[in-house]
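Numbering (the working numbering), first residue to last: 518 to 687. Ideal Cβ placement from N, Cα and C applies to all residues, glycine included. First the structure, in the form of structure tokens, and then the observations on it.
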């Protein structure tokens, strides 16, 4: 069985240090996942660094983990950004999970003029928070040390400008 992974702030961890996993993430680890003292877990900062080590304490406030090993995700020479159209039902959620598992670096929501699904201006922040939560959980599930960025949504005009700015115009 693979080690459970959680996300927390890591401040230049060194072997022997103690790392606290608190807040919602810590409560989830201790209460929902029932992680107990002595179990070995991974804790990542979501931006490329992780630690592995045994749990020293587990209570309603979260976990304290001893750093036995410091791990880092190697920087890649190529970044993958995916423009994902808004889809009906749970298809966007499934696409986000799969894209995260495949290793994309960034996901950009795209609302086409002909899209059936539209994010109302007053609901954009809530929808973005949902997408960010999905990629965060998918990154933990797939043991990725980097959580993909979810950018603000684009419409067709923005997408055309972004493609022209990044690509060859000739």
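With 16 other Cβ atoms within 10 Å as the buried cut-off, status of residue i
i	result
residue 617	buried
residue 561	buried
residue 540	exposed
residue 672	exposed
residue 635	exposed
residue 655	buried
residue 637	exposed
residue 568	buried
residue 570	buried
residue 514	Nothing about residue 514 can be read from this structure; the chain reaches only from 518 to 687.
residue 533	exposed
residue 657	buried
residue 669	exposed
residue 659	exposed
residue 651	buried
Local conformation of residue i per DSSP, three classes
i	result
residue 563	coil
residue 609	helix
residue 594	coil
residue 552	coil
residue 536	strand
residue 581	strand
residue 588	strand
residue 631	coil
residue 602	strand
residue 664	coil
residue 526	coil
residue 698	The requested residue 698 is not part of the displayed model; the chain covers only 518 to 687.
residue 576	strand
Contact test: residue i Cβ vs the ligand SAH heavy atom, cutoff 7 Å
i	result
residue 533	Looking at this structure, you won't find the ligand SAH or any other ligand, since it has none at all.
Beta-ladder partner(s) of residue i, from DSSP
i	result
residue 570	558
residue 651	Beta-bridge pairing links residue 651 to no other residue.
residue 624	599, 667
residue 521	558
Validate contact between the region 571-580 and the region 536-551 using beta carbons, cut 8 Å, 3 pairs:
yes
Under 8 Å: do the region 600-614 and the region 585-592 share three or more Cβ pairs, one atom per stretch?
no
Using 8 Å as the threshold, is the region 523-535 in touch with the region 615-630, meaning 3 or more CB pairs across them?
no
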